[in-house]
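In the numbering used here, the protein residues as written are -18 to 381.
Okay, so here's the structure we're looking at.
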Amino acid sequence: MAANPAPAAAPVKPAFPEFLPFSRPTISPEAMAEVQSCLASGWITTGPRVKKFEEMLRAYCGAPHALTVTSATAGLFLVLQAMKLKPGDEVITTPMTFAATLNMIVLTGGRPVLVDADRRTYQMDPAAVARAVTPRTRAIMPVHFAGMPVDLDPIYEVAKRHGLRVVEDAAHAIGTEYKGRKIGSFGDVQVMSFHPNKNITTGEGGAVICRDDALASEVQILRFHGMDREAWARFGRTGSQHYEIIAPGHKFNMMDMQAALGIHQLPALDGFIARRTALVARYRAALAGWKELILPGDPSYPHRHAWHLFAPLVNTGAGTHLTRDGFMAALKERNVGTGLHYRAAHLYPYYREHYGWKPGDFPNTEFIADRIVSLPLFPLLTDAQQDGVIAAMRDVFDHA
Ligand SMILES: Cc1ncc(COP(=O)(O)O)c(C=O)c1O
């Protein structure tokens, strides 16, 4: 007798007719017109729009120096290069970050020393930072993960005690506040990202924010070939065509075409954060009590979260048989995009091979990184779309 065929799986019902990305930038008609004016102006590389955007960044952050660059990666490189690390010099950071944080330490000659993250907030643990300091430590690089501020006071206290520089990886943190103060308005140096997924964008781009005149001057020189003055200052009516090379520098200058976006993005930032915050409140209300998810915890200190990411953990094992990757794949089948920010940086092949890191070294980071998933979150996401995402998530947990 022929066996009964297995019942066909119910077809997956897409939540949206077209794929919904986890992030997309909001580019206003004014910003588009500004890019066109820039193109028509005859000056499309670093020039008056970059100068204006930098002035606006200084005013927004409340900092004397804001130097635009091609990316946060480039900004981190310049800041660390300006520190002139010697072989064996250590920089303390977290494996709960994007690879660029560690990569830039290595590329500027330093040795990354890692401390684990807090399982509830995903942030670098300041007590572990204090324990990781050695006579070779030169700097601490906290990461304001997802737009939540790291607990900076104890980190700056350790830095002060040992004479270390704090390089804040603020790629996620424009608009973030710590104890009533904007990230960028105090401390040593902050490096921000304007990648299209970030809270404001210039296409690609970033900025170094600082209060130290000498550091700002080094970054300014190194970002453009090591020249003692910038091109726009040479080609104008009043500039001299001569320059000197006073250090071997890079080509990390932002273009006016990019700044044309930035000067319209920045005034919209607080509105973007307000919308992101409202969407997160809706996610929290809808997802509270789901056994399949662990929602991110709030820190105990006063803060404003910029909500670059809303990234709960898939409660694999305890709450669902689904893995995070299985969950992401099932949502993708339903036309819902998600993001993975990030895998544990110490477990990438380069870092295993060169630093000997292995599974189990940073258990909280590994717990988070194995489960974390960034849900769709961007200012243009409508309530109805968000409801569709939540319904698709429920469908995945119930049927996938
Ligand atoms: C924590 C962190 N640091 C640095 C970067 C690098 O930023 P960029 O893409 O602007 O180079 C990123 C990018 O996602 C990041 O998430």
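Note that beta-carbon positions come from the ideal geometry of N, C-alpha and C, so glycine has one too.
Source: prediction; values computed, not measured.
List, from N- to C-terminal side, the beta strand (DSSP E) runs of 3 residues or more that fit wholly inside the stretch 34 to 64.
46 to 50
Nearest to leucine 20 by alpha carbon, out of Met236, Val172, Gln222 and Ala98?
Met236
Distance cut-off 7 Å: alanine 53 Cβ against heavy atoms of ligand 1:
yes
Please return the same chain residues whose Cβ sits closer than 6 Å to the Cβ of histidine 206, not counting the five positions on each side in sequence.
Gly230
In three-state terms, what does DSSP make of proline 29?
helix
Along the chain, where does the alpha helix (DSSP H) that runs through isoleucine 86 open and close?
80 to 88
Please classify arginine 352 as buried or exposed, where buried requires at least 16 neighbouring CB atoms within 10 angstroms.
Classification of arginine 352: buried, given that the 10 Å Cβ count is 16 or more.
Under 6 Å Cβ to Cβ from phenylalanine 3, same chain only, skipping five residues before and after it: list those, please.
Gly318, Thr319, Gly320, Ser355 and Pro357
Quick check on the DSSP output: the alpha helix (DSSP H) that includes glutamate 149 runs from which residue to which?
Segment 146 to 150 is the beta strand (DSSP E) holding glutamate 149; no alpha helix (DSSP H) there.
Could you check whether the Cβ of histidine 176 sits closer than 7 Å to any heavy atom belonging to ligand 1?
yes
Please return the same chain residues whose Cβ sits closer than 6 Å to the Cβ of methionine 85, not counting the five positions on each side in sequence.
Leu57, Phe58 and Leu61
Is the beta carbon of alanine 384 sitting closer than 8 Å to the one on leucine 38?
Any answer about residue 384 is impossible in this case: the structure gives the chain only from -18 up to 381.
Across the stretch 326 to 340 and the stretch 364 to 376, are there enough close Cβ pairs to call them in contact, namely three or more that are closer than 8 Å?
Pairwise C-beta distances place the stretch 326 to 340 out of contact with the stretch 364 to 376, as fewer than three of them are shorter than 8 Å.
Below 8 Å on the Cβ atoms is my guess for proline 280 versus glutamine 104; work out the distance and round it to an integer in Å.
About 7 Å separates the two Cβ atoms, so the contact holds.
In the structure shown, what three-state DSSP assignment does leucine 196 receive?
helix
Measure the alpha-carbon distance for proline 76 versus glutamate 199 and round it to whole angstroms.
28 Å
Just to confirm, is the Cβ distance from valine 50 to valine 72 under 8 Å?
Not closer than 8 Å, so no.
If we ignore side chains and look at the alpha-carbon of each, how far apart do arginine 263 and isoleucine 227 end up?
54 Å
Pair within 8 Å by beta-carbon distance, threonine 7 and leucine 361:
yes
Comparing C-alpha positions only, which one of Leu145, Thr183, Gly341 and His223 sits nearest to phenylalanine 64?
A small fix is needed here, since residue 64 is methionine in this sequence, not phenylalanine. That would be Leu145, whose Cα lies nearest to the Cα of methionine 64.
Check whether the Cβ atoms of threonine 74 and valine 124 lie closer than 8 Å to each other.
yes
Three-state secondary structure assigned by DSSP to leucine 290:
coil
Own chain residues within Cβ distance below 7 Å of leucine 260, not counting five before or after
Counting only Cβ-Cβ distances below 7 Å, and skipping sequence neighbours, we find Leu358, Leu362 and Gln367.
Exposure label - aspartate 150; buried when at least 16 CB within 10 Å:
buried
Could you tell me whether the Cβ atoms of valine 148 and methionine 122 are closer together than 8 Å?
yes
Three or more beta-carbon pairs under 8 Å between the stretch 308 to 317 and the stretch 282 to 290, yes or no?
No, because fewer than three Cβ pairs between the stretch 308 to 317 and the stretch 282 to 290 fall closer than 8 Å, the two stretches do not touch.
What are the boundary residues of the beta strand (DSSP E) that includes glutamate 71?
Following the DSSP letters along the chain, one finds glutamate 71 inside the beta strand (DSSP E) bounded by residues 71 to 74.
Please tell me whether phenylalanine 175 and glycine 243 are closer than 8 Å, where the distance is taken between their beta carbons.
yes
Could you give the first and the last residue of the continuous alpha helix (DSSP H) run that contains glutamine 239?
237 to 246
Measure the alpha-carbon distance for threonine 115 versus aspartate 132 and round it to whole angstroms.
21 Å
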